[in-house]
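Student:
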Amino acid sequence: MNRLAPRIRPAGRGTILVERIAIGVALAVTLLFELALAERKYALFGGGFGQSHALSGAGEVILFLLTAVVAQALEVGLAYLLVGLWLGQRTRRLVRLFAFLFLTIGIHMGVVVAKFELLSYFSDAVSFTILRNLGGGSLLDAALYGLSEGALVAQLLVGVAVAWLLCLFVIRRLTRPTDTGWPRALRWRTVALLFAAMPVLLLLANAHANVRYAVVRMTASGLVAQALGTLTDFDRDGYSWFSPLRDDAPFDASRHPLALDIPNNGVDEDELGGDLKLPPIRPEAPLPTLPARPKHLVLIVLESTRGDVIGKRIDGRPVAPNLEALAVTGSSAREAYSHVGFTTASLKSLFTGQLEPRVGAPSLFRDLKKAGYRIAVMSGQSEEFGDISGITGMKAASNIFVDAETLKADRAFGFAAQGSLLVDESKLLTQFDRQMGRAEGWRQPTFVYFNFQSAHFPYHHDGMTDRIEPNPVARDAITAANRTHVQRTYWNAVAYSDAMIGQVIASLKAMGVWQDTLLVVTADHGESLFEDGFLGHGHRINRIQTHVPLVLSQPGVDLSGAIGLRDYRGLILRVLAGQKTGQPARKPVLRYVGDLQEPAAIGMVDAAGAGWAFDTSSQEAWFERRGRTIPYARLVPGTAEQRDVGRLIQLWGAERWAAHRGQ
2 MNRLAPRIRP
12 AGRGTILVER
22 IAIGVALAVT
32 LLFELALAER
42 KYALFGGGFG
52 QSHALSGAGE
62 VILFLLTAVV
72 AQALEVGLAY
82 LLVGLWLGQR
92 TRRLVRLFAF
102 LFLTIGIHMG
112 VVVAKFELLS
122 YFSDAVSFTI
132 LRNLGGGSLL
142 DAALYGLSEG
152 ALVAQLLVGV
162 AVAWLLCLFV
172 IRRLTRPTDT
182 GWPRALRWRT
192 VALLFAAMPV
202 LLLLANAHAN
212 VRYAVVRMTA
222 SGLVAQALGT
232 LTDFDRDGYS
242 WFSPLRDDAP
252 FDASRHPLAL
262 DIPNNGVDED
272 ELGGDLKLPP
282 IRPEAPLPTL
292 PARPKHLVLI
302 VLESTRGDVI
312 GKRIDGRPVA
322 PNLEALAVTG
332 SSAREAYSHV
342 GFTTASLKSL
352 FTGQLEPRVG
362 APSLFRDLKK
372 AGYRIAVMSG
382 QSEEFGDISG
392 ITGMKAASNI
402 FVDAETLKAD
412 RAFGFAAQGS
422 LLVDESKLLT
432 QFDRQMGRAE
442 GWRQPTFVYF
452 NFQSAHFPYH
462 HDGMTDRIEP
472 NPVARDAITA
482 ANRTHVQRTY
492 WNAVAYSDAM
502 IGQVIASLKA
512 MGVWQDTLLV
522 VTADHGESLF
532 EDGFLGHGHR
542 INRIQTHVPL
552 VLSQPGVDLS
562 GAIGLRDYRG
572 LILRVLAGQK
582 TGQPARKPVL
592 RYVGDLQEPA
602 AIGMVDAAGA
612 GWAFDTSSQE
622 AWFERRGRTI
632 PYARLVPGTA
642 EQRDVGRLIQ
652 LWGAERWAAH
662 RGQ
């Protein structure tokens, strides 16, 4: 034996007591800290603005707290035992205690803060699917989108590392090498008992929607639920006894919540609304052939611009005077909607006429290229974001292609996320005048696609003219407490984009091509500005987030009924062909949150503009005009509400079956 090696002293009762106090402190601090943040974000206990899942009654509160405490104790206990195994018995007790407290309190609180910071600009409905869509298909880009202050985060991490090393240095100087030993303040069997209690608690929690909602918002209990869900997903279909939607057929991979319902086979695979019944297939009307000399087309898509922009007044002044004037002399739709509140999906649908188009799908770019158009793209965003360009054939069909990737020196922000790249409209118009500002270039039919990004979060950037709000809110002050200031800043951005629309019209008139041009102005989706308790888009089905403007310079075009973005391709081609009917048939518009195949919610708008939605997680139906929410299980058969929800489920089933078949 090496006589110079330090002897391991057995831990005394005082040491064990200190270690147990440390475990209790770690449990209390981490749990209370996260509960405070969760209450502030989700209003789990008191309920509040935009919150429909507050804990109700003492029973739900006790069940939630018991589940949260046991899950947090499990996390802390595992951390304590793993730190002991990692550092070994010869590590000084104070070093091991410091490592345990740093990992449980410091790291846990850091992770929780980062999680809530990422969600601070979105709603509580954010899931991995929604985050991926916000990032154009990339979770990394979505994280960068929410955490754009990368330099600040990096500095914080460096600071934490330095603090760790300094504390270790001080502790080693203050303790003796012989102060070692395994205190055994907590044993593995205790952790095993905590883990054994979790399945029972989670099954009880799952039986109460409000408790289930609260449990999965907490980090430890959410992770345990995920782990148990993976373990009990016997048929590997993504659903289990512990998933938010319980799998009642755990050994049949073809049957589970949100399973693809195969039509007319007598089996209700998704256990929702009965077997899918497809109506007789009616052939779509063929797209018209354009005349030998069709009009030019200028399409302007406004980022995150709500349908109520027309008629909006701030301090008695119109927000969008140019758009309103265009609506008076041309044609406008009262009921135009995005299907899903994400830029990438919306633009793909707008250009292809499909909800989930694939590479090579027919598109407006390919249609007009084939018809002999000169095509130009002038976009303030990256059109590679989410493979918009690849799916629609945008770049391949363009003679001139300008976007936020090509105009690197003109970007308004230095954010790394591809979805946060932004080029001011004035820069786009400079490129437009430089490359397309001569009348002789318009002797050939021309299609110009503009994408104006000023109304994108954070609603202001350097160089933007302040037309509505002279003191736009700073990004770090965008909170519900400042909702009025945030709203004025947003409408200021919309007003700026409207002024740029006026400049486009002026340029077309100056070149003498205005009378031969069809100008179409619309948006990719709407934007919540805390009116419904949320900020942003893509995470709730309502008029604020899905209703968009649609204005055409051509007068007399029939735009009545509900119009979805995927109807635009056919609508534009029909108007270019000289037809006055924008819609050949009146159809409801499907809306959804997340992914079409497994959405967080689905909704529809009928031809009269009435809207309703169904939350696939909570299994609740919401009727927009009535402001009423009803659990699906309580819908009375034969009532109008039950029929409406049935129509919605059948519409969704038919659409995703068509997408599954590639139709």
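Residue numbers (the working numbering): 2 to 664.
Backbone N, C-alpha and C fix where the C-beta goes; we use that ideal spot for every residue, glycine too.
1) With a threshold of 16 other CB atoms inside 10 Å of the CB of K510, please say whether the residue is buried or exposed.
2) Between L422 and R541, what straight-line distance do the alpha-carbon atoms span, to the nearest angstrom?
3) Can you tell me whether A254 is helix, strand or coil according to DSSP?
4) I need the DSSP call for P556, collapsed to helix, strand or coil.
5) Would you grab the beta carbon distance between D236 and D253 for me? Rounded to a whole angstrom, and I think it's under 8 Å.
6) Once DSSP output is grouped into helix, strand and coil, what is the label at M465?
7) With H, G and I counted as helix, E and B as strand and the rest as coil, what does DSSP make of F448?
8) Do the CB positions of A55 and F65 come within less than 8 Å of each other?
9) My output table needs one value for G342: the three-state DSSP class, helix, strand or coil.
10) Can you find a C-beta in chain C that's less than 8 Å from the C-beta of I17?
11) Cα separation between A481 and P319?
12) Does DSSP put V268 in a helix, in a strand, or in coil?
13) Anyone know if the C-beta pair for T306 and V549 falls short of 8 Å?
14) Return the bridge partner residues of P632 from the DSSP annotation.
15) Quick check on the DSSP output: the beta strand (DSSP E) that includes L64 runs from which residue to which?
16) On the three-state DSSP scale, how would you describe P292?
17) Can you say whether T330 is buried or exposed, counting buried as having 16 or more other CB atoms within 10 angstroms of its CB?
18) Taking all protein chains shown into account, do 16 or more other C-beta atoms lie within 10 angstroms of the C-beta of A634, making it buried, or fewer, making it exposed?
19) Counting pairs of Cβ atoms below 8 Å between the region 337-350 and the region 565-585, do you hit three or more?
20) Provide the residue span of the alpha helix (DSSP H) that contains V505, from first to last.
21) With DSSP run on the structure shown, which of helix, strand or coil describes Y122?
22) Which residues in the same chain have their Cβ closer than 6 Å to the Cβ of R256, if we skip the five residues on either side of it in sequence?
23) With respect to the beta strand (DSSP E) encompassing D616, which residues constitute its N-terminal and C-terminal limits?
24) Between which residues of its own chain and I389 is the CB-CB distance below 7 Å, once the five residues before and five after are set aside?
25) Would you check if the distance between the CB atom of G354 and the CB atom of R570 is smaller than 8 Å?
26) In chain order, what residues of the same chain have a beta carbon less than 8 Å from the beta carbon of N323, not counting five sequence neighbours either side?
27) Use the C-beta contact count for K296: other C-beta atoms within 10 angstroms, 16 or more gives buried, fewer gives exposed.
28) On the premise that G267 lies in contact with S244, defined as a C-beta separation below 8 Å, what is that separation, rounded to the nearest angstrom?
29) Taking one C-beta from the region 330-339 and one from the region 514-531 each time, how about it: are there three or more such pairs within less than 8 Å?
30) If you draw a straight line from the C-alpha of P287 to the C-alpha of D368, how long is it?
31) I'd like to confirm the pairing. Which residues does DSSP put opposite T518 in its beta bridges?
32) If S380 and A362 are in contact, beta carbons under 8 Å, what's the gap, nearest whole angstrom?
33) Run through DSSP, which three-state label would G604 get?
34) Look at R575 and P289 and say whether their C-beta atoms are less than 8 Å apart.
35) Enumerate in chain order the residues of its own chain whose CB-to-CB distance from V590 is below 6 Å, with the five nearest sequence positions on each side excluded.
36) I need the boundaries of the beta strand (DSSP E) containing R570, first residue and last residue.
Tutor: Judging by the given coordinates:
1) Against the sequence shown, residue 510 aligns to sequence position 509. The residue is exposed, with fewer than 16 neighbouring Cβ atoms inside 10 Å.
2) For the purposes of this step, residue 422 is taken as residue 421 along the sequence shown, with counting starting at 1. For the purposes of this step, residue 541 is taken as residue 540 along the sequence shown, with counting starting at 1. Whole-angstrom Cα-Cα distance: 24 Å.
3) Here the question's residue 254 lines up with position 253 in the sequence shown. Coil.
4) Along the sequence shown, one-based indexing puts residue 556 at 555. In the structure shown, P556 sits in coil (DSSP, three-state: anything other than H, G, I, E or B).
5) Here residue 236 refers to the residue found at position 235 when the sequence shown is read from its first residue. Here residue 253 refers to the residue found at position 252 when the sequence shown is read from its first residue. With 8 Å as the limit, D236 and D253 qualify as a contact, their Cβ atoms being about 6 Å apart.
6) Locating residue 465 in the sequence shown gives position 464, counting from the first residue. In this structure, M465 counts as coil in the three-state DSSP scheme.
7) By one-based count along the sequence shown, residue 448 stands at place 447. In this structure, F448 counts as strand in the three-state DSSP scheme.
8) Counted from its first residue, the sequence shown places residue 55 at position 54. Counted from its first residue, the sequence shown places residue 65 at position 64. Contact flag unset, no.
9) To locate residue 342, count along the sequence shown from 1; it is residue 341. Coil.
10) In the displayed structure, chain C is absent; only one protein chain is listed.
11) Within the sequence shown, residue 481 is the residue found at index 480, counting from 1. Within the sequence shown, residue 319 is the residue found at index 318, counting from 1. Distance between the alpha carbons of A481 and P319 is about 25 Å.
12) The count along the sequence shown starts at 1 and reaches residue 268 at position 267. Correct three-state label for V268: coil.
13) Position 305 of the sequence shown, counted from the first residue, corresponds to residue 306. Position 548 of the sequence shown, counted from the first residue, corresponds to residue 549. Result yes, Cβ atoms of T306 and V549 sit closer than 8 Å.
14) Position 631 of the sequence shown, counted from the start, is the residue given in the question as residue 632. Its beta-bridge partners are E621.
15) For the purposes of this step, residue 64 is taken as the residue at position 63 of the sequence shown. That residue, L64, is in no beta strand (DSSP E); its alpha helix (DSSP H) goes 58-88.
16) For the purposes of this step, residue 292 is taken as residue 291 along the sequence shown, with counting starting at 1. Coil at P292, not helix or strand.
17) Here residue 330 corresponds to residue number 329 of the sequence shown, with the count starting at 1. By the neighbour-count rule (16 or more Cβ atoms within 10 Å), T330 is not buried but exposed.
18) Numbered from 1 along the sequence shown, position 633 holds the residue referred to as residue 634. A634 sits exposed, since fewer than 16 C-beta atoms from the chains shown fall within 10 Å of its C-beta.
19) Contact holds: three or more Cβ-Cβ distances are below 8 Å.
20) Start at 1 with the first residue of the sequence shown, and residue 505 comes out as number 504. Where V505 is concerned, the enclosing alpha helix (DSSP H) stretches over 484-511.
21) Working through the sequence shown from its first residue, we reach residue 122 at position 121. Confidence in Y122 is poor, its pLDDT being 43 and thus under 50, which makes the residue's placement unreliable; the coordinate value appears in the next sentence. Reduced to three states, the DSSP call for Y122 is coil.
22) Reading the sequence shown from its first residue, position 255 is the one you call residue 256. Hits under 6 Å: A250, E270.
23) Here residue 616 refers to the residue found at position 615 of the sequence shown. It spans 612-616 - the beta strand (DSSP E) in which D616 sits, taken as one unbroken run.
24) Mapped onto the sequence shown, residue 389 falls at position 388. Cβ within range, chain order: T345, L348, K349, M395.
25) Looking up residue 354 in the sequence shown gives position 353. Looking up residue 570 in the sequence shown gives position 569. Yes; because the gap between Cβ atoms is below 8 Å, this pair is in contact.
26) On the sequence shown, position 322 is the one that residue 323 refers to. Around N323: D499, A500, I502, G503, I506.
27) By 1-based counting over the sequence shown, the position of residue 296 is 295. K296 is buried by the Cβ-count criterion.
28) Counted from its first residue, the sequence shown places residue 244 at position 243. Counted from its first residue, the sequence shown places residue 267 at position 266. Contact doesn't hold; Cβ gap of about 26 Å is too wide.
29) Under the 8 Å Cβ criterion, the region 330-339 counts as touching the region 514-531, having at least three qualifying pairs.
30) Residue mapping note: residue 287 aligns to position 286 of the sequence shown, counting from 1. Residue mapping note: residue 368 aligns to position 367 of the sequence shown, counting from 1. If you take the alpha carbons of P287 and D368, they lie about 13 Å apart.
31) By one-based count along the sequence shown, residue 518 stands at place 517. DSSP, once it has assigned bridges, lists H297 as partnering T518.
32) Numbered from its first residue, the sequence shown carries residue 380 at position 379. Numbered from its first residue, the sequence shown carries residue 362 at position 361. So it is not a contact: roughly 20 Å between Cβ atoms.
33) The sequence position of residue 604 within the sequence shown is 603, counting from 1. Residue state, collapsed to three classes: strand.
34) Translated into positions along the sequence shown, residue 575 becomes position 574. Translated into positions along the sequence shown, residue 289 becomes position 288. Going by C-beta atoms, R575 is nearer than 8 Å to P289.
35) Locating residue 590 in the sequence shown gives position 589, where the first residue counts as 1. Excluding residues within five positions, the ones whose Cβ falls inside 6 Å are Y338, A563, G565, V606.
36) Here residue 570 is taken as the residue at index 569 of the sequence shown, counted from 1. No beta strand (DSSP E) contains R570, which is instead part of the alpha helix (DSSP H) from 569-577.
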